[in-house]
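In the working numbering, the protein residues as written are 1196 to 1612. First up is the structure itself, then whatever we jot down about it.
Dropping the structure here:
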């Protein structure tokens, strides 16, 4: 048995080295590790008027405390939270702190410092209470030079909330890449809430050595699942500024008898369209895809078969996905055909991952596919009011902001079934 464990451990080490040696990833990791001031700070929404501050420290005993206020250097408020850590084979994480602060005022800049209070002052802006609101949307980020270009473009956008449909760090079991990813995204993730769901690269399950899935993801990226009645960090919903946003788990059970299916069914029934006229869903594996990549995967066709009716009957407006490393926008669809009452499906898995772009598409292009292109970039969703929103896709084109695809989305007059 010990020989078997040693053999598997050696294979894991060789796999980790082989799948994490591309130069762009290493360059970004070294750049991030050189900046010792950063402590992997990121924030996420908790309810309508609270924010979770998450950060990691190496020194045991650091207080899970955040001091904050609305003026630089003045912190009249403070809040305490929890500290956890995790082990992954031979890796031991630092202390992971999670502190929920609030109540907070909408559309307001807050300044904050995290324990042990030797790090720089950070600031964030809360989302507005109502329309208009702007989202940045990007999937499959990774840690390459392409990632950096994408983040640079996003940093120039005055967005309110980031939505990320899975595949964050591409650590793929090499845990130090989770640390470098946290440092890489900190300049953005500490200033606006990042709401994420998991992808296949977050699974990190290894036979014999580590049987538990999503250990690192669940420990590092805690989302407000309990507030929406979910029992899993892999799927949840939240509301912001007139939108009900649902984050689904492609790699959690999704069949009709599963906990996720039952939760989704109940969650959709509770949506008040007078309060949140827009309903948006994020999932990692796309249900509609005319790229050659990732065809025939159960996480796509199985989840679609199980849950598409729920989304259609609830009149979901948009479904964002990642996984395929390219961009594609479909028309409103239901059961593989154009349907004015179905959601618009958008694949946005082009954030900059180390595996490169998925450049080959199925020809001829399906009629329901409106625009498709294999380029790195990100999307922006400007929700103007209860009936109109503008979607735009921004290609990373020689470090210049380029809008390659844009559409005004008008809510159809379809009644909820």
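Note that the Cβ used here is the ideal one computed from N, Cα and C, for glycine as well.
So the beta strand (DSSP E) residue i belongs to, where does it begin and stop?
{"i": "residue 1434", "result": "1431-1435"}
{"i": "residue 1470", "result": "Note, residue 1470: premise wrong, no beta strand (DSSP E); not H, not E."}
{"i": "residue 1568", "result": "1564-1568"}
{"i": "residue 1290", "result": "1290-1296"}
{"i": "residue 1482", "result": "Careful: residue 1482 lies outside any beta strand (DSSP E) and carries neither H nor E."}
{"i": "residue 1523", "result": "1522-1529"}
{"i": "residue 1277", "result": "1277-1279"}
What residues are listed by DSSP as bridge partners for residue i?
{"i": "residue 1304", "result": "1320"}
{"i": "residue 1329", "result": "1577"}
{"i": "residue 1272", "result": "1263"}
{"i": "residue 1440", "result": "1433, 1475"}
{"i": "residue 1587", "result": "1575, 1601"}
{"i": "residue 1515", "result": "1477, 1541"}
{"i": "residue 1309", "result": "1261"}
{"i": "residue 1389", "result": "1357"}
{"i": "residue 1237", "result": "1249"}
{"i": "residue 1283", "result": "1286"}
{"i": "residue 1592", "result": "1595"}
How many whole angstroms separate the CB atoms of residue i and residue j, which I take to be in contact at a CB cut-off of 8 Å?
{"i": "residue 1324", "j": "residue 1301", "result": "4 Å"}
{"i": "residue 1546", "j": "residue 1334", "result": "6 Å"}
{"i": "residue 1475", "j": "residue 1440", "result": "5 Å"}
{"i": "residue 1341", "j": "residue 1571", "result": "5 Å"}
{"i": "residue 1387", "j": "residue 1312", "result": "Not confirmed; about 23 Å, so no contact."}
{"i": "residue 1482", "j": "residue 1495", "result": "6 Å"}
{"i": "residue 1605", "j": "residue 1414", "result": "Rounded, the Cβ-Cβ distance is 42 Å, inconsistent with contact."}
{"i": "residue 1337", "j": "residue 1548", "result": "4 Å"}
{"i": "residue 1585", "j": "residue 1577", "result": "5 Å"}
{"i": "residue 1479", "j": "residue 1551", "result": "18 Å between Cβ atoms; not a contact."}
{"i": "residue 1349", "j": "residue 1331", "result": "5 Å"}
{"i": "residue 1580", "j": "residue 1272", "result": "Incorrect: roughly 33 Å between the Cβ atoms, too far for contact."}
{"i": "residue 1524", "j": "residue 1563", "result": "The pair is not a contact, with the Cβ atoms about 10 Å apart (cut-off 8 Å)."}
{"i": "residue 1281", "j": "residue 1270", "result": "The pair is not a contact, with the Cβ atoms about 30 Å apart (cut-off 8 Å)."}
{"i": "residue 1373", "j": "residue 1385", "result": "Contact doesn't hold; Cβ gap of about 16 Å is too wide."}
Leaving out five residues on either side along the sequence, give the residues of the same chain with a beta carbon under 7 Å from the beta carbon of residue i.
{"i": "residue 1431", "result": "1418, 1419, 1420, 1423, 1425, 1442"}
{"i": "residue 1556", "result": "1485, 1486, 1487, 1567"}
{"i": "residue 1505", "result": "1459, 1460, 1463"}
{"i": "residue 1513", "result": "1475, 1538, 1539, 1541"}
Locate the alpha helix (DSSP H) running through residue i, then write down its first and last residues.
{"i": "residue 1496", "result": "1493-1508"}
{"i": "residue 1348", "result": "1340-1350"}
{"i": "residue 1372", "result": "1371-1384"}
{"i": "residue 1448", "result": "Residue 1448 -> no alpha helix (DSSP H), and no H or E assigned at all."}
{"i": "residue 1465", "result": "1454-1465"}
Short of 8 Å in beta carbon distance, which residues of its chain neighbour residue i, apart from the five on each side in sequence? Order them along the chain.
{"i": "residue 1310", "result": "1252, 1257, 1258, 1259, 1260, 1261, 1292"}
{"i": "residue 1611", "result": "1468, 1508, 1509, 1510"}
{"i": "residue 1427", "result": "1420, 1444, 1447, 1454, 1455"}
{"i": "residue 1322", "result": "1240, 1301, 1302, 1328, 1355, 1356, 1388, 1435, 1436"}
{"i": "residue 1230", "result": "No answer about residue 1230 holds up, because its pLDDT of 40 lies below 50 and its placement is not dependable."}
{"i": "residue 1449", "result": "1443, 1455, 1456, 1497, 1498, 1501, 1502"}
{"i": "residue 1561", "result": "1485"}
{"i": "residue 1245", "result": "1295, 1296, 1297, 1298, 1299"}
{"i": "residue 1536", "result": "1507, 1510, 1527, 1529, 1607, 1609"}
{"i": "residue 1267", "result": "1306, 1316, 1318"}
{"i": "residue 1406", "result": "1400"}
{"i": "residue 1283", "result": "1368, 1370, 1399, 1405, 1410, 1411"}
Output needed for residue i: all residues of its chain with C-beta closer than 6 Å, excluding positions within five of it in sequence on either side, in chain order.
{"i": "residue 1544", "result": "1334, 1335, 1517, 1518, 1519, 1520"}
{"i": "residue 1274", "result": "1261, 1294, 1296"}
Exercise. Could you pull out every unbroken alpha helix (DSSP H) segment of at least 4 residues lying fully inside the stretch 1398-1426, listed in chain order?
Key: 1410-1415
Exercise. Would you mind listing the beta strand (DSSP E) stretches within the stretch 1531-1559 that are 3+ residues and don't spill past its ends, in chain order?
Key: 1539-1543
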